[in-house]
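Just below is one structure, and these are the notes that go with it.
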Amino acid sequence: MTAAAEAHGHGAHPPAPHYSSRVSPATLGIFLFIASEIMLFGSFFTVYFFDRVVNQPFGGHWPPPGLHRPAFVAGINTALLITSSFSMHWADSSVKKGNRSGLQAGLVLTFALGLAFLLIQVIEYHRLGFNTSDTSFAATFFGLTGLHGAHVFVGLTILLIMTVRAFRGHFSPEHHHGIELGGIYWHFVDLMWIVVYFTVYIL
Amino acid sequence: MQNPFRSERDAFRLVLLAIGYFALIGIGWKIDKWVGVGVFAVLTAAAVGWVLLRGRGEERPRQAPAPSPPNEHRILVVANETVGGAELLTELRERSGARRTVVFVVSPALNSPLRTWASDEDDARAAAGDRLAASLVAMRAAGLDATGEVGDGDPIQAIEDALRTFRPDEVVLSTHPPGRSNWLERGVVERTRERFALPVTHVVVDLEIEPTRE
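Going line by line, the protein sequences match chains H and V.
Residues 273 to 475 in my numbering are what the first sequence lists, from first letter to last.
Residues 2 to 215 in my numbering are what the second sequence lists, from first letter to last.
Structure, rendered in structure tokens:
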């Protein structure tokens with residue numbers, strides 16, 4: 273038996289957890305998650321900017337002539353998503369204070385705002401007047417906004433679970449890890465939309 | 002650098018900062034493309050500077066493990082050489098008084114930076130394992146209840162790792178004499194005292210001479 277094995281008495285029970293990395297598992301997990309998401313979105317942004325730079329034949333016009341970016345509707349969507357970040361923060365603050373009705377109201381409001389965002393995006397897709405195969409701009413536009421939409425869908429699923437749990441009496445000021453992690457994800461999705469909106473609709 | 006997604010509150014703050022950041026760049030862009038680029042450069046430089054400079058001078062949170070049972074005295078020994086010398090061993094035993102002494106020895110796998118980056122740690126871990134085994138033999142021969150493990154090459158990290166599975170009442174750092182000790186050059190003793198809310202005793206071990214205690 274090795275010295276390390278003796279130290280933990282492996283014979284009677286599973287070995288005690290031992291972390292040899294330089295950051296805690298939870299921190300490492302969120303770092304890896306964010307790093308993977310940044311790489312994923314980064315690859316889409318790279319394609320978008322590459323497409324924009326190499327498409328000089330359009331005479332400096334972006335998007336290409338005949339295609340229109342619905343910046344106003346997307347702006348409304350941006351406002352909805354930013355508001356949902358506030359309501360998410362309200363829900364998180366409420367559970368920490370033991371305010372159950374505030375938690376429930378915050379989660380319901382966040383879910384409703386996120387759902388409204390997704391529905392508006394779907395309607396926007398139908399009214400755009402171009403499709404993925406129409407130009408490389410269209411392909412990258414749908415790719416970036418669609419990738420974000422998929423993240424919103426995942427976030428809504430998490431929010432739905434959080435909301436159901438909140439109404440079933442789960443979570444307390446001492447135990448609200450599910451709200452905390454779901455909130456972090458939702459804010460990340462919101463942050464990415466701000467970047468997408470600025471890049472695709474404003475610049 | 003602090004993880005900006007460490008908590009919901011931190012993530013929310015990042016969203017607010019991002020709104021301000023992109024709003025200002027967007028306003029600049031609407032005025033003139035180059036104004037937007039200038040605003041982007043200034044804000045980005047300010048953000049990078051803030052991230053790099055903040056937190057300097059702040060005291061790091063100190064780790065304090067839960068106390069051991071009343072009838073037990075737990076000592077974490079971190080040694081870069083074989084723990085030996087009758088005086089040191091007697092010192093360890095006498096620290097506990099009437100209580101049962103439990104010693105956990107961490108032998109850091111000392112390695113060169115190049116080999117560490119290349120993940121070439123086999124030899125370092127084997128050598129540390131040999132030192133650990135010799136230390137445990139010496140301690141058990143002196144009547145101490147001693148176990149241990151091979152730890153990270155960075156002694157501070159090795160202590161932090163050990164604290165996750167062993168909750169000591171004090172830490173004993175064993176080093177070479179001044180002038181020959183890389184750990185003393187790097188301020189390991191001071192950094193250990195700053196980082197961990199535990200009594201830290203520094204013991205100089207020169208196996209050819211008797212150990213001295215600070």
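C-beta atoms are modelled at their ideal positions from N, C-alpha and C, and glycine is treated no differently.
Are any of the Cβ atoms in chain V nearer than 8 Å to that of residue i?
i: glycine 455 of chain H; result: yes
i: histidine 449 of chain H; result: no
i: phenylalanine 414 of chain H; result: no
i: histidine 361 of chain H; result: yes
Do residue i and residue j have their C-beta atoms closer together than 8 Å?
i: valine 151 of chain V; j: alanine 134 of chain V; result: no
i: asparagine 112 of chain V; j: alanine 125 of chain V; result: yes
i: proline 200 of chain V; j: glycine 154 of chain V; result: no
i: threonine 407 of chain H; j: proline 336 of chain H; result: yes
i: serine 357 of chain H; j: aspartate 462 of chain H; result: yes
i: isoleucine 20 of chain V; j: glycine 37 of chain V; result: no
i: proline 179 of chain V; j: aspartate 207 of chain V; result: no
i: valine 304 of chain V; j: serine 69 of chain V; result: Here chain V covers residues 2 to 215 and nothing more, so residue 304 of chain V does not appear.
i: threonine 471 of chain H; j: tyrosine 320 of chain H; result: yes
i: threonine 202 of chain V; j: valine 173 of chain V; result: yes
i: leucine 453 of chain H; j: phenylalanine 402 of chain H; result: no
i: phenylalanine 443 of chain H; j: isoleucine 433 of chain H; result: no
i: leucine 419 of chain H; j: phenylalanine 313 of chain H; result: yes
i: leucine 77 of chain V; j: alanine 163 of chain V; result: yes
i: asparagine 81 of chain V; j: threonine 176 of chain V; result: yes
Could you list which residues in chain V have their beta carbon closer than 8 Å to that of residue i, in chain order?
i: leucine 475 of chain H; result: Trp30
i: alanine 452 of chain H; result: With the sequence shown as reference, residue 452 of chain H is identified as glutamate, and alanine is not the correct amino acid for it. Neighbours of glutamate 452 of chain H on chain V, chain order: Ser8 and Glu9.
i: phenylalanine 470 of chain H; result: Phe23, Ile26 and Gly27
Tell me the residue span of the alpha helix (DSSP H) that contains residue i.
i: proline 488 of chain H; result: Absent from the model: residue 488 of chain H. The displayed extent of chain H is 273 to 475, so no value can be given.
i: threonine 45 of chain V; result: 34-54
i: valine 436 of chain H; result: 408-439
i: aspartate 131 of chain V; result: 123-142
Name, please, each residue of chain V whose Cβ falls closer than 7 Å to the Cβ of residue i.
i: serine 357 of chain H; result: Phe13 and Val16
i: leucine 463 of chain H; result: Leu15, Val16 and Ala19
i: aspartate 364 of chain H; result: Glu9
In the DSSP assignment, find the unbroken beta strand (DSSP E) run with residue i in it and report its ends.
i: leucine 400 of chain H; result: Counting along the chain, leucine 400 of chain H falls outside any beta strand (DSSP E), and DSSP gives it neither H nor E.
i: alanine 80 of chain V; result: 73-80
i: arginine 192 of chain V; result: Segment 189-196 is the alpha helix (DSSP H) holding arginine 192 of chain V; no beta strand (DSSP E) there.
i: histidine 203 of chain V; result: 201-205
i: phenylalanine 105 of chain V; result: 101-109
i: threonine 176 of chain V; result: 171-176
i: alanine 147 of chain V; result: 146-152
Counting contacts by CB-CB distance shorter than 8 Å, is residue i in contact with chain H?
i: isoleucine 220 of chain V; result: Outside the displayed span of chain V (2 to 215) sits residue 220 of chain V, for which this structure offers no information.
i: phenylalanine 197 of chain V; result: no
i: phenylalanine 41 of chain V; result: no
i: glycine 154 of chain V; result: no
i: proline 212 of chain V; result: Low confidence applies to proline 212 of chain V: its pLDDT is 49, below 50, so where it sits in the model is not reliable, and the reading given next is rough at best. False, the Cβ-Cβ gap to chain H never drops below 8 Å.
i: arginine 101 of chain V; result: no
Interface residues of chain H around residue i at Cβ under 7 Å?
i: phenylalanine 6 of chain V; result: Ile302, Ile306, Ile456 and Phe460
For the ligand NAD, I want to know if residue i counts as a neighbour, meaning its beta carbon is within less than 7 Å of at least one of the ligand's heavy atoms.
i: glutamate 9 of chain V; result: The model on display carries no ligand, and the ligand NAD is accordingly not part of it.
In chain H, which residues lie with their C-beta within 8 Å of the C-beta of residue i?
i: isoleucine 20 of chain V; result: Ile354 and Ile466
Considering only residues of the same chain and omitting the five flanking positions on each side of residue i, which have a CB-CB separation below 7 Å?
i: phenylalanine 389 of chain H; result: Asn349, Leu352, Leu353 and Val424
i: alanine 159 of chain V; result: Val79, Val107, Pro109, Gly152 and Asp153
i: glutamate 73 of chain V; result: Arg100, Arg101 and Val103
Leaving out five residues before and five after residue i in sequence, what residues of the same chain have Cβ atoms less than 8 Å from its Cβ?
i: leucine 387 of chain H; result: Leu428
i: aspartate 146 of chain V; result: Arg101, Thr102, Val103 and Val104
i: tyrosine 22 of chain V; result: Leu44 and Ala48
Starting from the C-beta of residue i, find all residues in its chain whose C-beta is less than 6 Å away, skip the five residues before and the five after it, and write them out in chain order.
i: valine 40 of chain V; result: Leu25, Ile26 and Gly29
i: glutamine 393 of chain H; result: Gly421
i: methionine 360 of chain H; result: Thr382, Gly455 and Trp458
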